[in-house]
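Engineer: So in this note's numbering, spot 168 of the sequence shown is number 380, and the numbers just go up one at a time.
Yeah, the Cβ is synthetic: ideal placement off N, Cα and C, and Gly gets one too.
One structure, as structure tokens, below. Some questions next.
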Amino acid sequence: MKNTTTLLLIAAMLLASSTSLFAQRNKIQQEKKFIFLSSIGYAGGVGDIRLANYDCHNLILPPKIEDEDVLKTIRNKNFNIQVSQLFAYQFNNFFYMGVGTGIDFWNKTAFVPLYLNLSVNMMQTRVAPMAYINLGWGFKWYISSHPDNNRVIHGSNWGPMGEGGIGMRIQLTDKVALVLAGTYKAQYSKIRYTIPVENETDYSADFTNSIQPIIYHFAGFKVGVLY
């Protein structure tokens, strides 16, 4: 009976020890530190763009265009290739905040975003769901001066931007993690186009004479390395 009791105590101690070790291996060590996230992403344009049959140059917000005021409707076929770098501070295993910048390449233009970031890890494990939000400003880098096939010039001005994403954070080592996320992004800018003028030659393939505020919408994905 004594031997049986001893064996049971030893087995219980081994079970408790293995359970504790397993838990430690599957949790990220609690740490406050500066971190960096280098990422690349792709997003495609979402929705239609309705162009007003009047010049909206002096408007601050995108106009509400009634059906009878529509000059034409085009698809938002802009793509957005994003290269970004985040500098942040990790407060604990769940939250980190920082500032980021990078380059957003569109079809015929580009923005340089500067933003504040808040990221959340939803679980304290090596593979954890995560979410983030970026809010800031998209500065212009360059722009095409020639209208595209739809006879418009997209993204002609700088403006505020916002981005959100949800995905997974996979801890590869104690210091390196892989971040995969689906993303949504909005960029305020202006679109240039031509309103035909009666009895004048149509130069809309080469020049524009009107401008309209607009919010461009994108949806895509992002892959990053956190270190």
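Counting beta carbon pairs with one atom in the segment 264–282 and one in the segment 297–313, are three or more of them shorter than 8 Å?
Structural biologist: No, the segment 297–313 does not touch the segment 264–282.
Engineer: Are there three or more Cβ pairs, one per stretch, closer than 8 Å when the segment 355–369 is compared with the segment 328–343?
Structural biologist: Cβ pair count under 8 Å is below three, so no.
Engineer: Where does the unbroken beta strand (DSSP E) through S296 begin, and where does it stop?
Structural biologist: Reading the sequence shown from its first residue, position 84 is the one you call residue 296. S296 -> beta strand (DSSP E) spans F291 to Q302.
Engineer: Compute the Euclidean distance between the alpha carbons of I345 and E412, then round it to the nearest angstrom.
Structural biologist: For the purposes of this step, residue 345 is taken as the residue at position 133 of the sequence shown. For the purposes of this step, residue 412 is taken as the residue at position 200 of the sequence shown. Spanning the two alpha carbons is a distance of roughly 48 Å.
Engineer: Check this for me: beta carbons of D316 and N292, under 7 Å apart or not?
Structural biologist: Indexing the sequence shown from 1 puts residue 316 at position 104. Indexing the sequence shown from 1 puts residue 292 at position 80. Yes, they are a contact pair.
Engineer: My assumption, with CB atoms under 8 Å, is that A167 sits in contact with G256. Please give the rounded CB distance.
Structural biologist: Outside the modelled stretch of the chain, which goes from 213 to 439, sits residue 167, for which no answer is possible.
Engineer: Between Y400 and G371, how many whole angstroms is the CB-CB distance? I'm expecting something under 8 Å.
Structural biologist: The count along the sequence shown starts at 1 and reaches residue 400 at position 188. The count along the sequence shown starts at 1 and reaches residue 371 at position 159. With 8 Å as the limit, Y400 and G371 qualify as a contact, their Cβ atoms being about 4 Å apart.
Engineer: Between I403 and V364, is the Cβ-Cβ spacing less than 7 Å?
Structural biologist: Here residue 403 corresponds to residue number 191 of the sequence shown, with the count starting at 1. Here residue 364 corresponds to residue number 152 of the sequence shown, with the count starting at 1. Yes, these two residues count as a Cβ contact at 7 Å.
Engineer: Assess contact between the segment 370–387 and the segment 414–423, defined as three or more Cβ pairs (one per stretch) separated by less than 8 Å. Is contact present?
Structural biologist: The answer is no - the segment 414–423 does not touch the segment 370–387, with fewer than three Cβ pairs under 8 Å.
Engineer: Name the DSSP bridge partner or partners of K245?
Structural biologist: The sequence position of residue 245 within the sequence shown is 33, counting from 1. K245 pairs with Q302.
Engineer: Look at the Cβ atom of G374, then the Cβ atom of L347, and state whether they are nearer than 7 Å.
Structural biologist: By 1-based counting over the sequence shown, the position of residue 374 is 162. By 1-based counting over the sequence shown, the position of residue 347 is 135. Yes, these two residues count as a Cβ contact at 7 Å.
Engineer: Report back the beta-carbon spacing between Y428 and N288 to the nearest angstrom; my notes put them in contact at under 8 Å.
Structural biologist: If you number the sequence shown from 1, residue 428 lands on position 216. If you number the sequence shown from 1, residue 288 lands on position 76. With a Cβ gap of about 6 Å, Y428 and N288 count as contacting.
Engineer: Here's a check: name, in chain order, each residue in its chain whose Cβ is nearer than 8 Å to the Cβ of F248, leaving out the five neighbours to either side.
Structural biologist: As a first step, residue 248 is located in the sequence shown; it is residue number 36 there, counting from the start. Excluding sequence neighbours, F248 sits near Q297, L298, F299, A300, L438 and Y439.
Engineer: For R262 versus I272, is the C-beta distance shorter than 7 Å?
Structural biologist: Here residue 262 refers to the residue found at position 50 when the sequence shown is read from its first residue. Here residue 272 refers to the residue found at position 60 when the sequence shown is read from its first residue. Contact flag unset, no.
Engineer: Looking at K434: is its Cβ nearer than 7 Å to the Cβ of T395?
Structural biologist: The residue you call residue 434 lines up with position 222 of the sequence shown. The residue you call residue 395 lines up with position 183 of the sequence shown. Contact flag set, yes.
Engineer: To which residues of the same chain is L326 closer than 6 Å at the C-beta, ignoring the five residues directly before and after it?
Structural biologist: The residue labelled residue 326 in the question sits at position 114 within the sequence shown. Once the five neighbours on either side are set aside, the close Cβ partners of L326 are T313, G348 and W349.
Engineer: Under 7 Å, do D260 and S422 count as touching if we go by C-beta distance?
Structural biologist: Position 48 of the sequence shown holds residue 260. Position 210 of the sequence shown holds residue 422. Contact: no.
Engineer: Go through its chain and collect everything with a Cβ distance to K239's Cβ below 7 Å, but skip five positions before and after it.
Structural biologist: Walking along the sequence shown from the start, residue 239 turns up at place 27. With a pLDDT of only 49 at K239, under 50, the local geometry of the prediction cannot be trusted, and the value read off the model is given with reservation. Within the same chain, K239 has close Cβ partners Q336 and T337.
Engineer: Alpha carbons only, please: which of N265, K245, A264 and H269 is nearest the one belonging to S500?
Structural biologist: Nothing about residue 500 can be read from this structure; the chain reaches only from 213 to 439.
Engineer: If distances are taken between C-alpha atoms only, which option among I286, M342 and F323 comes closest to K397?
Structural biologist: Position 185 of the sequence shown, counted from the first residue, corresponds to residue 397. When only C-alpha atoms are compared, the closest one is F323.
Engineer: Taking all protein chains shown into account, do 16 or more other C-beta atoms lie within 10 angstroms of the C-beta of V409, making it buried, or fewer, making it exposed?
Structural biologist: Within the sequence shown, numbered from 1, the residue matching residue 409 stands at position 197. Looking at its Cβ environment, which holds fewer than 16 other Cβ atoms inside 10 Å, V409 is exposed.
Engineer: Excluding five sequence neighbours on each side, which residues of the same chain lie with their C-beta closer than 6 Å to the C-beta of P343?
Structural biologist: Counting from 1 along the sequence shown, the entry for residue 343 is found at position 131. It is Ala, not Pro, that sits at residue 343 in the sequence shown. Taken in chain order, the residues that qualify are V332 and I378.
Engineer: Give the DSSP-derived three-state secondary structure of L280 in the structure shown.
Structural biologist: In the sequence shown, counting from the first residue as 1, residue 280 sits at position 68. Before going on, a small fix: residue 280 reads as Glu here, not Leu. If DSSP states are grouped into helix, strand and coil, E280 belongs with the helices.
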